[in-house]
Structures are given as C-alpha cells and as structure tokens.
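Enquirer: One structure, pasted below without further comment.
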Amino acid sequence: MSSVELDHISIRFGEFTAVDNANLTIESGEFFSFLGPSGCGKTTILRAVSGFNDPTEGTIRIDGRDVRGTGPNQRPTALIFQNLALFPLMTVAENIAFGLEVRGIKYQERRRRAEELLNLIALPGQGDKLPSELSGGQRQRVAIARALAVEPQVLLLDEPLSALDLKLRQHMRTELRAIQKRVGITFIYITHDQGEALTMSDRIAVMSAGIVQQVDDGATVYNDPATSFVASFVGENNPFYGRVSKVANGHAQIDTAFGPLRGINNQGLKEGEKAILFVRPESLLLLGDNDQADNVFETEAIKQEFEGSFLHIFLKGESSAKDIRLAMSNTGAVPHLTPGEMTRVGFDADRGVALPVGELADE
Amino acid sequence: MNEDVTLEFQQLAQVTPSLPGAGSSSSSESGSDEEGSDSGSSSGGSSGGFSTTPTINFGNQSSTSESTEPAATTVDEGAGDGNSINLIIRNPDNIRLPSGDSQIELILREEQPAAVDDSSMSGGIGFLEILTALILALLLAPYLQKQSAKFFSGLNAFGFVQKNGLIVSTYLLLFSFGWIIFMVIMPQLYMFDFSFRFNLPPPEVGGPKDVYTLKNYRYLVFGREGSSEALNWLHLGVFVKTIVASVLVTVANFAICYPMAYYMAQSVAGRSQRLLFLCLLLPFWVNEILRAFAFKLIFADQGLINTALIGMGIWDTPFDFLRADVALYTGLTYAYLLLMIFPLYNAIESLDHNQIEAARDLGASWTRIHFRVVMPYAKPGIASGCTMVFMLSAGALAAPNILGGPSSLWFTQIIFQWYNTGGNWPQGAAYSFVLLIVCIAFVMTAMKIAKVSLGDLAKK
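Line by line, the protein sequences are chains W and U.
Residue 23 is where the first sequence starts when you use our numbering, and the numbers rise one by one after that.
Residue 307 is where the second sequence starts when you use our numbering, and the numbers rise one by one after that.
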C-alpha cells in the first residue's frame with residue numbers, strides 16, 4: 023500500500039501539453055478516479071505513474087520515493103489496459119501467473135497462486151481455458167487477477183469497463199469496488215464515465231484539457247463543483263448566464279434573463295463579475311400559484327417525457343438552443359403541462375451554484 | 307550393355323583430336339578394340355576438382371569431324387556418371403588395324419538435328435506420363451486433394467462463378483489453379499518422371515530401352531556401380547553440407563531480421579519507417595549476380611575488409627573469407643533478407659502494443675517479452691520467413707557459384723552440372739527431386755516441432 027504523489031507534474035509532447043501542472047496526492051488504499059472527456063490527459067497521467075513516460079516537469083512519488091527513471095517493470099504498480107491486453111496464446115492461468123513467472127517463481131507455486139486469484143475473481147477452475155474462450159466480463163476479471171498477482175501497491179486501471187455492455191459494466195463496478203476493499207491497495211481509475219467515477223471512487227479528480235479542475239469526493243464534485251466545466255461535465259446542469267449583482271452570506275445573486283437568481287458562492291465571486299448559475303434538473307421544482315421558493319421564475323413549457331421513476335420536463339431557456347431541464351421523481355401525481363403553457367419554476371438558493379464564467383463540457 | 311558408349315571405327319583422312327573444355331578427360335584411347343573403362347576418372351574421387359566437367363563435353367564437335375558416312379556415329383553417354391565412360395568400340399567395316407603400336411584417334415560427334423522428331427515423340431508420351439503422374443500426385447498429396455475437391459464442388463454448385471461473374475472467375479481459376487497446374491505441378495511431374503529414366507539418346511526415347519529405373523537415385527546414395535566406396539560420400543557430403551549451411555543461413559537471417567522487423571513494426575512509424583523500408587528495398591534493385599560479385603570484391607584478399615583490418619593492424623596476412631565460406635554465407639543471408647523481414651514485419655506489426663507494455667508492466671525483461679509474447683505471436687511469420695529463406699538458400703545457385711570457395715560445393719551446383727555440362731537430365735532430375743523432397747520433409751518436421759500449420763504460412 024502506497025500513496026501516490028503528483029508534485030506539480032506537467033507532461034508535454036513537443037508543443038502539445040497533455041498534462042498541465044497537476045498537483046495532487048492519492049492516499050494509500052484509496053479508490054481514486056481521474057474523470058474527464060477523452061483527450062484530457064488522464065491516460066497520460068496513468069502512464070506516467072506506471073512508468074511508460076516520465077513527466078516533463080515535476081515529480082511523481084510512490085510511497086514518498088521519487089520514481090523518475092524507474093521502468094514500468096520495476097515500479098510497484100500494475101496497469102490494467104483499456105483493451106485488457108491479455109496474452110491470447112497463453113491460458114488464463116498462464117496469463118494470471120505471468121508476473122510470477124517473470125519473477126522466477128516455480129510452476130507449482132505459480133499454479134497455486136493463479137488458482138487463488140481465480141477464486142478471488144469467481145472463476146474457479148477456469149485456468150486452462152484460453153482468454154478467447156471467456157466472456158467479456160470474465161476476461162475483465164482475468165485482467166484484474168493478472169495485475170493483482172504481482173501484488174502491486176498501486177493498481178492502475180485505464181477505462182477497463184468501457185468495452186462492456188451496460189449491465190455488465192454496472193455489475194463490474196460493484197465487483198471492482200469489492201475487490202479493492204478486499205485487497206486494500208490503492209486503485210487509480212481512469213474513466214470518462216461519471217457514473218463509474220461517482221459510484222466507485224473515494225475521491226475524483228475531474229480533468230479537462232490537461233488541467234485538473236477539481237479533486238474531491240463524489241458528492242462534493244456533484245453538489246459543489248469548483249468550475250463551470252465540472253458543473254457541466256458531471257451530471258446534468260442548467261446554466262443561467264448573468265452578472266453578479268449582490269454577494270452576501272455565502273450566496274451570490276446573479277441577474278439572469280429570468281431575473282435575479284441566488285446560489286451558493288463558494289468561489290469568491292464579486293459584484294459586477296460575469297457568472298453562471300448552475301441548477302440541477304432535480305433541484306428545480308414546479309411551483310403552484312401559491313408556492314414560494316428562494317428563486318422563482320416563469321417560462322414556457324415545451325414538452326414532458328415520462329421515464330418511469332422520473333419525469334423530465336423541458337422548459338424554454340434563454341435561448342432556443344438550450345432548454346431548461348427539470349426532473350422530478352414520480353410520486354404518483356404526474357402533472358400535465360401543455361406545450362406553450364407558462365410555468366412557475368423555483369429552486370432553493372442552496373441548490374444553485376454560482377461559478378465564474380468558464381468553459382462548459384460539450385453535451 | 308546400353309549403359310556403355312558405342313563407337314564405330316571410321317577411316318578418315320585427317321582428324322584432329324580435340325575436346326574442348328574438358329582438358330582433364332583423356333580423349334585418346336590406345337590400342338585395342340576392347341572395352342575401355344574408367345577413362346575420365348580425374349573428376350570424381352578427388353575432392354575439390356569436382357567442379358570441372360564430370361563427363362565429356364560433346365559440344366562443338368561436329369566441326370572437327372568430317373564424316374563421309376551416312377550412318378552416324380552413335381555416342382551414348384548413358385553411363386556418364388560423372389566419373390567414367392565405358393567405351394564400346396565396334397568395327398563393323400572390318401577395318402584392318404595395323405599391327406604394332408598404332409594410334410587410334412577417337413572422334414566424338416554431337417548428335418544434334420534429332421530435336422524435331424524428339425519433340426514429336428516425347429510429346430505423345432509426355433502427355434500420358436503427365437496424366438498418370440497427376441493421378442499419382444493427387445493420391446499422394448491429401449492436401450492437394452482436399453483443395454481440388456473444394457474446387458470441384460465449388461464449380462458444381464456454380465457458387466464461385468455466380469459470386470464472381472464469368473470473367474473474374476475464369477481469371478481467378480486460370481491464374482490460381484491454372485498457374486499451379488500448368489506452371490508448377492506439370493513441369494515438376496514431368497521432371498519427376500524423367501528422374502526414373504535412363505539417359506537415352508533421342509532416337510531411343512520411347513523405344514524398348516526406355517524403361518523405368520531407380521539408377522539415378524541409387525547413384526546419389528551408392529555412387530557408380532563397382533566403385534570402391536560403399537556410399538557416394540562426395541555427393542552425400544555436399545548434400546548434407548548444403549542442408550546444414552542453409553539452416554545456418556536461415557538462423558543467421560532470422561537473428562539479423564527479427565530485431566529489425568520488430569523495430570520497424572513496433573517502435574518506429576511515419577517517415578523514418580518509410581525511410582528504413584526504402585533502405586532495405588532499394589539494394590535489391592541491383593541484380594543478384596552483381597551483388598554477389600560485389601560481395602566477392604568486399605571479401606577478397608585485397609578487398610575492403612581485409613585491407614581495413616590489415617590497415618588497423620588486427621591481422622597482417624589477409625584472411626581468405628572466400629575459402630572459409632564467410633562470403634558465401636554472408637551473400638546468401640543478404641540475398642534473402644527481405645523474404646525474412648517482410649513476413650516477420652507483417653506478423654509483429656499486428657501485435658497489440660499494449661501486450662508488450664502489459665508484459666513490461668508485469669515486470670518482464672525485454673528478452674522475456676520477446677520469447678514469451680512477441681515470438682509466440684509472430685510464429686506464423688517466423689515460420690513463413692524461415693521456410694522461405696531455407697528453401698531458397700538450399701536451392702541457390704548464383705551465390706554459391708560466385709561466392710563459394712574453391713573447395714565449396716553447393717548441391718545445386720551438382721544438379722546444374724548434371725543438367726548442363728553433364729547433359730544427363732534424368733540424373734539431374736533425380737538429384738533435384740531428392741533435394742526438394744528432403745527440404746520439404748525438413749521444413750514439415752520443423753513446423754511440426756514448432757506447432758505451426760501449413761495454413762499459418764499464408765496468414766498475414
């Protein structure tokens with residue numbers, strides 16, 4: 023078990039900066055995720071930790087030791103590749119025991135360890151099959167077992183679930199988390215799937231364009247995003263553009279196209295600054311004529327979609343390009359909005375997040 | 307005895323006994339009208355001198371003999387086994403031999419205009435032979451049989467034709483099966499048939515003497531009948547040496563090409579990769595003979611390497627690279643470089659680089675990565691390249707001819723001598739077939755051991 027420290031690392035390929043001054047510490051035994059769209063530099067960080075490339079600037083420390091110049095075969099890390107990279111000509115057991123074979127461990131002992139790990143990943147007795155004879159989920163688990171066999175202190179996972187179908191992916195999330203709890207080593211997980219990151223991780227680093235935007239636990243990342251990118255990338259969010267007109271008691275009032283709206287101001291916005299107020303669809307409430315809320319505005323209803331447990335209502339936003347989305351759980355009373363009907367909408371000031379203007383994630 | 311040379315006495319006014327080329331073979335027989343034997347024994351037993359003509363060369367002889375008789379001299383080199391010719395000298399006209407020491411001049415005349423009726427005669431026989439041999443081959447080779455069965459069933463269903471259209475399917479059939487049958491199988495079968503026959507003069511082809519025999523094969527193993535040695539050590543030795551040397555060439559080629567192919571397939575891309583390919587390809591625009599002579603120049607006593615090494619003071623007398631066969635092996639290795647590199651490159655290129663990284667990440671050293679991950683994956687390509695290089699090395703002729711040292715003899719050179727200078731095609735065919743069969747058997751065994759199937763060779 024080791025902590026991994028990224029001390030102001032930057033990684034450049036020629037002119038291109040893949041990682042820009044990332045500075046964070048991954049605690050020992052933590053399930054830590056890097057979340058970001060493809061091309062944001064998260065895989066580059068992973069490869070730097072595993073030793074396939076060294077950072078251009080800054081220092082990576084594993085267990086407090088600078089690992090610069092140490093090859094991937096000498097680091098206490100094991101990497102699980104996106105496409106798993108199982109050796110197709112070796113049996114499952116040979117695959118799992120490859121790391122042990124490399125370390126000169128005798129056949130009998132290797133076989134025993136492989137069998138242990140096969141039990142751990144719930145594939146007992148499947149050691150003599152070839153990887154091609156296993157299903158996608160089983161191969162997944164073999165890849166995990168192969169990485170765990172060398173008893174790494176840090177396990178690095180590069181979007182290992184992305185090739186699986188939805189059901190299996192959800193199942194494997196739980197399984198991965200369970201395996202991590204069982205073996206207790208540090209997991210560093212790379213994903214562009216926020217669902218994966220939120221469900222499994224102790225902490226998440228959200229990345230965009232080589233920059234680490236926020237490092238926090240899932241709930242904080244979701245409820246209190248630090249940047250407009252995080253707010254728009256993680257989960258759905260309705261942005262209301264405007265200018266800060268008043269700052270008080272940790273809240274900021276922003277004059278938007280729908281009038282002044284208030285939200286939490288954790289990023290120190292000052293009066294007169296341009297800002298975006300983010301409100302989650304589930305934080306928006308349909309209000310009756312007499313209902314009150316911290317923030318109230320009116321807009322036209324466009325359509326509503328019924329999705330079983332949820333009801334999605336689309337309302338006219340400040341521009342026709344982007345609707346305001348409202349989600350309410352199905353409590354039995356399904357409202358019926360006719361398109362074009364003026365609708366009163368409100369939200370609690372604590373459920374809105376006022377953030378400085380910045381880039382938004384692509385939809 | 308049809309294996310012997312039959313000669314007839316003629317009385318001629320002026321004869322100059324001259325045999326071009328083979329200066330070592332004695333052309334004059336003195337004395338008797340009895341059988342003479344072992345006349346040209348200079349070439350066989352002594353090693354090293356073998357590269358001279360094994361049999362008497364009958365070329366350019368017609369100019370010297372001004373025959374007045376319509377009944378031509380019959381010359382039969384059927385027993386031309388490389389070592390000797392048995393001469394039978396008949397005297398049908400009862401020419402009186404002068405008593406005492408008298409010189410008899412032996413005139414050998416080429417039988418040349420027989421080519422016309424020869425082709426018409428052997429053509430008819432050839433077809434029957436080919437037909438029977440084809441059936442034989444189909445029975446012998448189950449692989450071939452399977453392929454052809456597929457071919458016929460496909461034709462029956464017209465699926466192939468329907469799928470590809472008449473023109474395309476005709477084209478495909480012509481240039482795949484047609485090519486193999488008419489250009490490869492049939493000539494080879496013809497040679498195969500040839501190898502079981504006596505080397506008869508054209509008029510006797512198809513005649514009562516034209517029967518099958520194993521003598522051409524027997525000769526390779528046991529040598530000339532009545533020879534003092536139990537086995538034909540010289541030829542067998544050359545044969546084994548050729549196989550062993552070809553294996554060495556193949557191994558050397560693999561050792562050189564594997565790192566290069568790996569580098570090109572996995573480590574380098576774009577411009578530098580293309581540049582590397584060009585560097586490999588362009589030298590092969592230079593023809594093989596020229597390349598071989600260039601190698602000879604480089605390795606000669608006064609050549610580049612010796613001059614450089616003597617200049618640097620590594621040694622002071624030139625090392626004879628040619629005699630030590632270094633030049634030959636280098637030349638052969640280089641000649642088939644591309645045939646090794648490309649299959650290797652193809653195989654390694656398709657290997658997912660993540661597998662190499664995964665092995666590395668799991669702690670494997672580079673050696674282990676290559677032996678455990680890359681090579682097993684590239685096995686079909688390795689097999690394909692090695693087979694190709696081995697087969698072509700064993701069958702090489704130009705490089706051994708040019709780069710081989712004075713004592714070095716490649717089996718193909720013996721075959722060439724049988725066909726060319728020896729004029730003994732059946733013997734040459736037999737030698738060729740032994741080489742082919744042994745090479746195939748060798749490759750098949752090697753593939754069996756390496757657990758590679760024939761289909762793998764065609765894999766990209």
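Just so you know, even glycine gets a beta-carbon here, dropped at the ideal spot from N, CA and C.
1. Helix, strand or coil for residue 53/W, going by three-state DSSP, please let me know.
2. Using the beta-carbon of each residue, which ones in chain B are nearer than 8 Å to residue 663/U?
3. Short of 7 Å in beta carbon distance, which residues of its chain neighbour residue 117/W, apart from the five on each side in sequence? Order them along the chain.
4. Listed from N- to C-terminal order along the chain, which residues in the region 111-132 of chain W have their beta-carbon within a distance smaller than 7 Å of any beta-carbon of chain U?
5. Going along chain W, which residues have a C-beta under 7 Å from residue 660/U?
6. For residue 359/W, which three-state DSSP category applies?
7. Have a look at 608/U, 641/U, 542/U and flag the residue whose alpha-carbon is nearest the alpha-carbon of residue 588/U.
8. Find out if the Cβ-Cβ distance for the pair residue 19/W, residue 124/W is shorter than 7 Å.
9. Express the C-alpha separation of residue 188/W and residue 134/W in angstroms, rounding to a whole number.
10. Secondary structure at residue 214/W, three-state DSSP: helix, strand or coil?
11. For the candidate residues 253/W, 177/W, 310/W, 327/W, whose alpha-carbon lies nearest to that of residue 319/W?
12. The region 172-200 of chain W: which residues have C-beta closer than 7 Å to a C-beta of chain U, in chain order?
13. Say whether chain W places a C-beta atom closer than 7 Å to the C-beta of residue 667/U.
14. With respect to the alpha helix (DSSP H) encompassing residue 121/W, which residues constitute its N-terminal and C-terminal limits?
15. Could you name the residues that DSSP lists as bridge partners for residue 278/W?
16. Cα-Cα, which of 315/W, 252/W, 289/W is closest to residue 283/W?
17. Which residues, in order along the region 682-696 of chain U, keep a beta-carbon less than 8 Å from a beta-carbon of chain W?
18. Measure the C-alpha to C-alpha separation of residue 70/W and residue 227/W and round it to an integer number of angstroms.
19. I want to see whether chain W comes within less than 7 Å of residue 358/U, judged by CB atoms only; does it?
20. Along the alpha helix (DSSP H) that carries residue 666/U, what are the first and last residues, could you check?
21. Interface residues of chain W around residue 670/U at Cβ under 7 Å?
22. For residue 492/U, which beta-bridge partners are listed by DSSP?
23. To which residues of the same chain is residue 266/W closer than 6 Å at the C-beta, ignoring the five residues directly before and after it?
24. DSSP state of residue 361/U, grouped into three classes?
25. DSSP three-state label for residue 315/W, please.
26. Could you tell me the alpha carbon to alpha carbon distance between residue 733/U and residue 725/U, rounded to whole angstroms?
27. Looking only at DSSP bridge pairs, what is residue 733/U linked to?
28. Between the C-alpha atoms of residue 739/U and residue 539/U, what's the straight-line distance to the nearest angstrom?
29. Please confirm whether residue 660/U and residue 209/W have their CB atoms less than 7 Å apart.
30. What does residue 679/U touch in chain W if you count any residue whose Cβ is under 7 Å from its own?
31. In the DSSP assignment, find the unbroken alpha helix (DSSP H) run with residue 476/U in it and report its ends.
32. Looking at the structure shown, is residue 32/W part of a helix, part of a strand, or coil, going by DSSP?
33. Identify whether residue 104/W lies in helix, strand or coil by the three-state DSSP scheme.
34. Taking Cβ to Cβ, would you say residue 668/U is nearer than 7 Å to residue 89/W?
Expert: From the atom records:
1. By one-based count along the first sequence, residue 53/W stands at place 31. Strand.
2. The structure shown contains no chain B; its protein chains are W and U.
3. In the first sequence, residue 117/W corresponds to position 95, counting from 1. 108, 109, 153, 164, 168, listed in sequence order.
4. 111, 120, 121, 124, 125
5. Working through the second sequence from its first residue, we reach residue 660/U at position 354. Going along chain W in sequence order, the residues near residue 660/U (Cβ under 7 Å) are 103, 105, 107.
6. If you number the first sequence from 1, residue 359/W lands on position 337. Reduced to three states, the DSSP call for residue 359/W is coil.
7. In the second sequence, the residue the question calls residue 588/U occupies position 282. Answer by Cα proximity: 641/U.
8. Absent from the structure is residue 19/W, since the part of chain W shown begins at 23 and ends at 385.
9. To locate residue 134/W, count along the first sequence from 1; it is residue 112. To locate residue 188/W, count along the first sequence from 1; it is residue 166. If you take the alpha carbons of residue 134/W and residue 188/W, they lie about 33 Å apart.
10. Numbered from its first residue, the first sequence carries residue 214/W at position 192. Looking at residue 214/W - three-state DSSP - the assignment turns out to be coil, as it is neither helix nor strand.
11. Sequence index remark: in the first sequence, residue 319/W carries index 297 (1-based). Minimum Cα distance to residue 319/W is reached at 310/W.
12. 172
13. On the second sequence, position 361 is the one that residue 667/U refers to. Interface residue, yes.
14. Here the question's residue 121/W lines up with position 99 in the first sequence. Note, residue 121/W: alpha helix (DSSP H), 114-124.
15. Translated into the one-based positions of the first sequence, residue 278/W becomes position 256. 264/W, 281/W.
16. Reading the first sequence from its first residue, position 261 is the one you call residue 283/W. With distances taken between Cα atoms, residue 283/W lies closest to 315/W.
17. 682, 683
18. On the first sequence, residue 70/W is found 48 positions in, with the first residue counted as 1. On the first sequence, residue 227/W is found 205 positions in, with the first residue counted as 1. Roughly 16 Å between the two C-alpha positions.
19. Here residue 358/U refers to the residue found at position 52 when the second sequence is read from its first residue. Residue placement at residue 358/U is flagged as unreliable, the pLDDT there being 34, under the threshold of 50; a coordinate-derived value is accordingly withheld.
20. The count along the second sequence starts at 1 and reaches residue 666/U at position 360. 659-667 is the extent of the alpha helix (DSSP H) around residue 666/U.
21. The sequence position of residue 670/U within the second sequence is 364, counting from 1. In chain order: 95, 124.
22. As a working note, residue 492/U is residue 186 in the second sequence. Looking at the DSSP assignment, residue 492/U forms no beta bridge with any residue, so it has no partner.
23. Here residue 266/W corresponds to residue number 244 of the first sequence, with the count starting at 1. Result list for residue 266/W: 274, 276, 291, 293, 295, 297, in chain order.
24. To locate residue 361/U, count along the second sequence from 1; it is residue 55. Confidence at residue 361/U is low in this model, with a pLDDT of 36, below 50, so the placement of that residue should be treated as unreliable; the coordinate-derived value is given next. Residue 361/U falls in the coil class under three-state DSSP.
25. Counted from its first residue, the first sequence places residue 315/W at position 293. Note: residue 315/W maps to coil in three-state DSSP.
26. Residue numbering aside, residue 733/U sits at position 427 when the second sequence is read from its first letter. Residue numbering aside, residue 725/U sits at position 419 when the second sequence is read from its first letter. Cα to Cα, the separation comes out at about 8 Å.
27. For the purposes of this step, residue 733/U is taken as the residue at position 427 of the second sequence. Paired residue(s): none; residue 733/U is not in a bridge.
28. On the second sequence, position 433 is the one that residue 739/U refers to. On the second sequence, position 233 is the one that residue 539/U refers to. Distance between the alpha carbons of residue 739/U and residue 539/U: 19 Å.
29. Stepping through the second sequence from its first residue, residue 660/U is reached at position 354. Stepping through the first sequence from its first residue, residue 209/W is reached at position 187. No. Outside cutoff.
30. One-based indexing of the second sequence puts residue 679/U at position 373. Residues of chain W passing the Cβ test: 109.
31. Your numbering for residue 476/U matches position 170 in the second sequence. That run of the alpha helix (DSSP H) goes 472-479.
32. Here residue 32/W corresponds to residue number 10 of the first sequence, with the count starting at 1. Strand.
33. Translated into the one-based positions of the first sequence, residue 104/W becomes position 82. In the structure shown, residue 104/W sits in coil (DSSP, three-state: anything other than H, G, I, E or B).
34. To locate residue 668/U, count along the second sequence from 1; it is residue 362. To locate residue 89/W, count along the first sequence from 1; it is residue 67. Cβ atoms of residue 668/U and residue 89/W: not closer than 7 Å.
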